[in-house]
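Here is the structure we will look at.
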Amino acid sequence: MCSAMASAWWPWVLVLALLSGLAASGFPRSLLRLRGKRSLPEGVVDGIEIYSTKISCKVTSRFACNVVTTRAVNHADKAKEVSFDVELPKTAFITNFTLTIDGVTYPGNVKEKEAAKKQYEKAVSQGKTAGLVKASGRKLEKFTVSVNVAAGSKVTFELTYEELLKRHKGKYEMYLKVQPKQLVKHFEIEAHIFEPQGISMLDAEATFITNDLLSSALTKSFSGKKGHVSFKPSLDQQRSCPSCTDSLLNGDFTITYDVNRESPANVQVVNGYFVHFFAPQGLPVVPKNVVFVIDVSGSMSGRKIEQTRDALLKILEDIKEEDFLNFILFSGGVTTWKDHLVQATPENLEEARIFVRNIRDQGMTNINDALLRGISMLNKAREEHLTPERRTSVIIMLTDGDANTGESRPEKIQENVRNAIQGKFPLYNLGFGNNLNYNFLESMALENHGFARRIYEDSDANLQLQGFYEEVANPLLTDVEMEYPKNAILDLTQNSYQHFYDGSEIVVAGRLGDEDTNSFKADVKGRGALNDLTFTEEVNMKEMEEALKERDYIFGNYIERLWAYLTIEQLLEKRKNAHGEEKENLTAQALDLSLKYHFVTPLTSMVVTKPEDNEDQTAIADKPGEATSVTSSRAFQTSYQPPQNPYYYVDGDPHFIIQVPEKDDAICFNIDEDPSTVLRLIHDPVTGLTVNGQIIGDKEGSPDSKTRKTYFGKLGITNSQMDFRIEVTTEKITLWNGIAQSIFSWLDTVTITQDGMSLTINRKKNMVVSFGDGVTFVVVLHQVWRKHPVHQDFLGFYVVDSHRMSTQTHGLLGQFFHPFDFEVSDIRPGSDPTKSDATMVVKNHQLTVTRGSQKDYRKDVSSDMKVICWFVHNNGEGLIDGVHTDYIVPNLS
Ligand SMILES: *[C@@H]1O[C@H](CO)[C@@H](O)[C@H](O)[C@H]1NC(C)=O
Ligand SMILES: *[C@@H]1O[C@H](CO)[C@@H](O)[C@H](O)[C@H]1NC(C)=O
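Counted from 1, the sequence shown has number 340 at position 297 by the numbering used here; the numbering is strictly sequential.
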């Protein structure tokens, strides 16, 4: 586990229990009330001094382990009750709790709930106090323990909980509720974050930090893979006013961060377990067909319906023009805005706004008919091709109550909905307020690949609704499948997802079947807005394991615990919709893992044992319901085998090489032009293909263009027939389909396919693009040492197949795609004695040429493979048609 600490305790009366399912909001009783100052140390309230509270967080690869330690001493002359309250995220599992009184530690053990319950009931019947965990507010649940502490005795409470931080809207968030209720001499929050991908942003803020004084107690920093946050207010800084004895620390302390996204995925392997994080960036949004199914029954009247109208109006502002939408309102009956889905054109949106403003509440709640109407509308749009291709569908239902008319049996509604959707698109259920059967909404959403959310009846309900929509508004991929070598991986967590939403992350974890495997390859396949994509990653396990092992601040088995956490969470979720034997099986598996890994889940409880007396034990914690779902994932790598016969290429200080297979020989030439000049390499009016390249110079090139080295730094590949364009720089690769763009980095290994076009990026090496059968280009990336004083990264361009290009093809390379002939004679020593000169007759010109060689980097940028060629001087004069300046064009596309 992430860390540990020792402590002590006393006679006793300890019983901790966890009450589940109780939705208690607001703050705990004020057990220790302020009694004014005595001649005791500062911060003593009712005889009890809480002299230290430390919240220590360690996050490694999104997996957080938090330890909350509080130490108190009883200065009173009689025994006093001391309470310890911690609010923790609902998605977290408690993994340890210990009490230490006067040097004696009572550790917590995780037991099956049934067994623990008996002890708990016995303790309660004997009048002992119990510790509880109960729901508290929207995101948190509360763990509470009270113990009697003898006069002059010290007590230490230590609670540990773990959770996998989930990415929402582009960041991970960790909430800590801070509420010491009295001044604490040593109060500290300390978080250490370690992310192998590197941290890209980190922030920490607290709702109660309003003045400069208190903000000076907060430090936050990050660099490379490590981040650190510390909040350490002095006693004086904690006062709510300079002469006050009560604490102003009361509220949420939030740490947010994100990791670098240069690479779409990251795989980590430690001790036989792996985790795969997947969150590609830069892809265009997949257009949606979206149906909002809105409850307008009588119970929605007043503020709820107002807030719903408000949220829908805001959502309409966010809807994209490519999206199609419709509204279905239900009460006792069902009304629809339009008979079918309509596109979100400005005119339709204006009409939708008028419709939304006029929504009124009335009558009963007919969930069944409303959902079935919405589903059939989406199915029809898809089956009858009423909306454009390559889009996805989403149905979002909002209700504040239970079905009470039409089909109102929850099981029957679930069955109808399941049969209608048939797994084709997700259903999201929003439960407004508390007066409803949330389990039903959740179970129905989960079995249709969506999830449920509670919308809390509060002044910000409209923002909650809008916030939910933002999360699902931008799918970047659909039908995401993560594939691993079948025999090498065991106990895989969920590896297929209907959608990948922008700003989220998919996490998949598993166990390696054969620990001696050196590498494994993982593919992530998905459908994007424009094309199908396959992200490939190959991992060298040994190297990675070594690299991660060295980090001593990582808790050693974090991947195994992350895997266990994710597996338990998914088993519990599946269990919600399982029945009979299957349910028993899922329960048994989740219970085994909870016990093995010491997690307090809905199936287990924490029991604190008094060592000398096994009978007299009991401290219990259970989890309240409504845990939210986790998304997880991973990805990567392929390699490209270049064809054996490339004929034309340009690479290095732009050296053009034309191989003439009939002659078993090659011709080469150079073009000396200023940086930023764009040259036309290929242009075929028949296939619509054009390739242009832009020249860059060395970092501090000499002003004399004769000696300055130049390279290609950018390439533009355009297919006008497909309205498709690729721009390659040394940093990234951008694809345009019409105006829609996708951006990839050279750290990606990905294959993109669409309409016969296929493009593969091989991480940091090359990019291979084919248009149908018969046109294949390779772009090679040359990376130089970053701090090199002179050189910079550049690109090479190779035509490995051009047999489908027309005879009208032209350009500096393209003009040579047609058969042509040359004769070389009179080979003689040249001005440079190591090189021969010769006379070449080509295209009716007689030229003096020099024997030279040029590197061929197709296979490997560090290769020493050389091509011998006849060098044509003066910018290819006499070899190329016209003069070289004829090939200068204004821009890349
Ligand atoms: C629980 O915490 C105590 C005190 O830090 C530690 O000694 C013990 O090993 C922990 N138990 C587990 C299962 O990690
Ligand atoms: C229960 O789970 C095990 C795997 O742990 C599986 O082999 C077995 O078939 C399952 N039984 C049922 C009834 O689902």
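Cβ atoms here follow ideal geometry from the backbone N, Cα and C, with glycine treated the same way.
With a CB to CB cut of under 6 Å and the five nearest residues on each side skipped, what residues in its chain are close to Ser264? Here the question's residue 264 lines up with position 221 in the sequence shown. Non-local C-beta neighbours of Ser264 in its own chain, meaning closer than 6 Å and more than five positions away in sequence, comprise His271, ordered along the chain.
Asn139: CB within 7 Å of a non-hydrogen atom of ligand 1: If you number the sequence shown from 1, residue 139 lands on position 96. Yes, Cβ of Asn139 sits closer than 7 Å to a heavy atom of ligand 1.
Member of Leu368, Arg181, Lys275, Asn478 whose CA lies at the smallest distance from the CA of Thr430: Indexing the sequence shown from 1 puts residue 430 at position 387. Closest by alpha carbon: Leu368.
Please classify Arg452 as buried or exposed, where buried requires at least 16 other C-beta atoms within 10 Å of its C-beta. For the purposes of this step, residue 452 is taken as the residue at position 409 of the sequence shown. With fewer than 16 other Cβ atoms within 10 Å, it is exposed.
Measuring alpha carbon to alpha carbon, tell me which of Phe230, Glu360, Leu355 ends up nearest Phe335. The sequence position of residue 335 within the sequence shown is 292, counting from 1. Nearest C-alpha to Phe335: Leu355.
Is Asp205 near ligand 1 - that is, is its Cβ less than 7 Å away from at least one heavy atom of it? Taking the sequence shown and counting its residues from 1, the one referred to as residue 205 is at position 162. The question names Asp, but residue 205 is Glu in the sequence shown. Glu205: no, Cβ never under 7 Å from ligand 1.
Identify, in the order they occur along the chain, each residue of the same chain with its Cβ nearer than 7 Å to the Cβ of Gly781, setting aside the five sequence neighbours on each side. Along the sequence shown, one-based indexing puts residue 781 at 738. Taken in chain order, the residues that qualify are Asp766.
Give me, in chain order, the residues of the same chain whose beta-carbon lies closer than 7 Å to that of Gly817; leave out the 5 immediate sequence neighbours on both sides. In the sequence shown, the residue the question calls residue 817 occupies position 774. For Gly817, where only same-chain residues beyond five positions count, the Cβ hits under 7 Å are Asp844, His846, Arg847.
Give a yes or no on contact between the region 198-207 and the region 247-267, applying the rule of three or more CB pairs nearer than 8 Å. Because the criterion of three Cβ pairs below 8 Å is not met, the region 198-207 and the region 247-267 do not touch.
Taking 7 Å as the line, does the beta carbon of Met603 fall inside it for any heavy atom of ligand 1? Indexing the sequence shown from 1 puts residue 603 at position 560. Position check: residue 603 holds Glu in this sequence, whereas Met was assumed. A distance criterion of 7 Å places the beta-carbon of Glu603 beyond contact range of ligand 1, judged by its closest non-hydrogen atom.
What beta strand (DSSP E) runs, 3 residues minimum, are completely inside the region 416-501? 435-442, 470-475, 495-498
Smallest Cα separation from Gln457: which of Gly241, Ile418, Met343? Start at 1 with the first residue of the sequence shown, and residue 457 comes out as number 414. For Gln457, the nearest C-alpha among the options comes from Ile418.
Pull up the distance between the alpha-carbon of Ile358 and that of Ala504, whole angstroms please. Counted from its first residue, the sequence shown places residue 358 at position 315. Counted from its first residue, the sequence shown places residue 504 at position 461. Straight-line Cα distance between these residues: approximately 13 Å.
Nearest CA to the CA of Thr448: which residue from Thr442, Ala424, Asp412? Working through the sequence shown from its first residue, we reach residue 448 at position 405. For the residues Thr442, Ala424, Asp412, the minimum Cα distance to Thr448 belongs to Asp412.
By how many angstroms is the C-alpha of Asn530 removed from the C-alpha of Glu440? The residue you call residue 440 lines up with position 397 of the sequence shown. The residue you call residue 530 lines up with position 487 of the sequence shown. The sequence shown places Met at residue 440, not Glu. Their backbone Cα atoms lie some 41 Å apart in a straight line.
Spatial neighbours of Ser46 within its chain, please: CB distance less than 6 Å, with the 5 preceding and 5 following residues excluded, ordered by chain position. Looking up residue 46 in the sequence shown gives position 3. Only weak support is given to the placement of Ser46: the predicted model assigns it a pLDDT of 46, under 50, and the question is left unresolved by the model.
Leaving aside the five residues before and after Tyr527 along the sequence, list all residues of the same chain whose C-beta is less than 6 Å from its C-beta, in chain order. Mapped onto the sequence shown, residue 527 falls at position 484. So the list reads Ala565, once near-sequence residues are dropped.
So, helix, strand or coil for Phe859, using DSSP? As a working note, residue 859 is residue 816 in the sequence shown. It is helical.
Write down every uninterrupted run of the beta strand (DSSP E) in the region 509-551 whose length is 3 residues or greater and which is fully enclosed by it, in chain order. 518-526, 539-544
Pull up the CB-CB distance for Glu513 and Asp361, whole angstroms please, since I reckon it's below 8 Å. Counting from one through the sequence shown, the residue named residue 513 turns up at place 470. Counting from one through the sequence shown, the residue named residue 361 turns up at place 318. The pair is a contact, with the Cβ atoms about 7 Å apart (cut-off 8 Å).
Is the Cβ-Cβ distance between Ile137 and Phe106 less than 8 Å? On the sequence shown, position 94 is the one that residue 137 refers to. On the sequence shown, position 63 is the one that residue 106 refers to. For Ile137 and Phe106, no; Cβs fall outside 8 Å.
Sub-8 Å separation of Val227 and Ser126 beta-carbons: Here the question's residue 227 lines up with position 184 in the sequence shown. Here the question's residue 126 lines up with position 83 in the sequence shown. Taking 8 Å as the Cβ cut-off, Val227 and Ser126 do not qualify as a contacting pair.
Other residues of its chain near Asn574: CB distance less than 7 Å, five sequence neighbours each side excluded: Numbered from its first residue, the sequence shown carries residue 574 at position 531. Counting only Cβ-Cβ distances below 7 Å, and skipping sequence neighbours, we find Ile795, Thr796, Gln797.
Starting from the Cα of Lys886, find the closest Cα among Ile252, Ile923, Phe914 and give me that residue. Numbered from its first residue, the sequence shown carries residue 886 at position 843. Residue Ile923 is the option with its Cα nearest to Lys886.
Look at the Cβ atom of Leu824, then the Cβ atom of Leu802, and state whether they are nearer than 8 Å. One-based indexing of the sequence shown puts residue 824 at position 781. One-based indexing of the sequence shown puts residue 802 at position 759. No, they are not a contact pair.
Tell me whether the region 530-543 and the region 284-299 touch, counting them as touching only if at least three CB pairs, one residue from each stretch, are closer than 8 Å. Note that the region 530-543 does not touch the region 284-299; fewer than 3 beta-carbon pairs, one per stretch, sit closer than 8 Å.
Cβ-Cβ separation, Phe840 to Phe755 (assumed contact under 8 Å), whole Å: Along the sequence shown, one-based indexing puts residue 755 at 712. Along the sequence shown, one-based indexing puts residue 840 at 797. Sure, about 7 Å apart at Cβ, within 8 Å.
Does the distance between the C-beta of Glu231 and the nearest non-hydrogen atom of ligand 1 fall short of 7 Å? For the purposes of this step, residue 231 is taken as residue 188 along the sequence shown, with counting starting at 1. No, ligand 1 has no heavy atom inside 7 Å of this Cβ.
Quick one: residues in its chain with C-beta nearer than 8 Å to the C-beta of Ala119, no 5 flanking neighbours on either side, listed in chain order? If you number the sequence shown from 1, residue 119 lands on position 76. Taken in chain order, the residues that qualify are Asp89, Gly90, Ile91, Ala194.
Are there 16 or more other CB atoms within 10 angstroms of the CB of Ser424, so buried, or fewer, so exposed? The count along the sequence shown starts at 1 and reaches residue 424 at position 381. Position check: residue 424 holds Ala in this sequence, whereas Ser was assumed. Looking at its Cβ environment, which holds 16 or more other Cβ atoms inside 10 Å, Ala424 is buried.
Between the region 338-357 and the region 391-405, do at least 3 Cβ pairs fall closer than 8 Å? With a cut-off of 8 Å on Cβ pairs, the region 338-357 is in contact with the region 391-405, counting three or more such pairs.
Keeping to the same chain, check which residues put their C-beta closer than 6 Å to that of Leu615; ignore five residues upstream and five downstream. For the purposes of this step, residue 615 is identified with residue 572 of the sequence shown, where counting begins at 1. Here the set comprises Ala633.
Measuring alpha carbon to alpha carbon, tell me which of Arg346, Leu414, Met883, Leu724 ends up nearest Leu372. Position 329 of the sequence shown, counted from the first residue, corresponds to residue 372. Looking at the Cα atoms, Leu414 is the closest of the given residues.
By a C-beta neighbour count over all protein chains shown, 10 Å radius and 16 as the cutoff for buried, is Pro933 buried or exposed? Position 890 of the sequence shown, counted from the first residue, corresponds to residue 933. It counts as exposed.
Taking a contact to mean a Cβ-Cβ separation below 8 Å, would you say Glu866 touches Val892 in this structure? By 1-based counting over the sequence shown, the position of residue 866 is 823. By 1-based counting over the sequence shown, the position of residue 892 is 849. For Glu866 and Val892, no; Cβs fall outside 8 Å.
Taking the C-alpha atoms as reference points, what is the distance between Lys220 and Phe511? By 1-based counting over the sequence shown, the position of residue 220 is 177. By 1-based counting over the sequence shown, the position of residue 511 is 468. Distance between the alpha carbons of Lys220 and Phe511: 23 Å.
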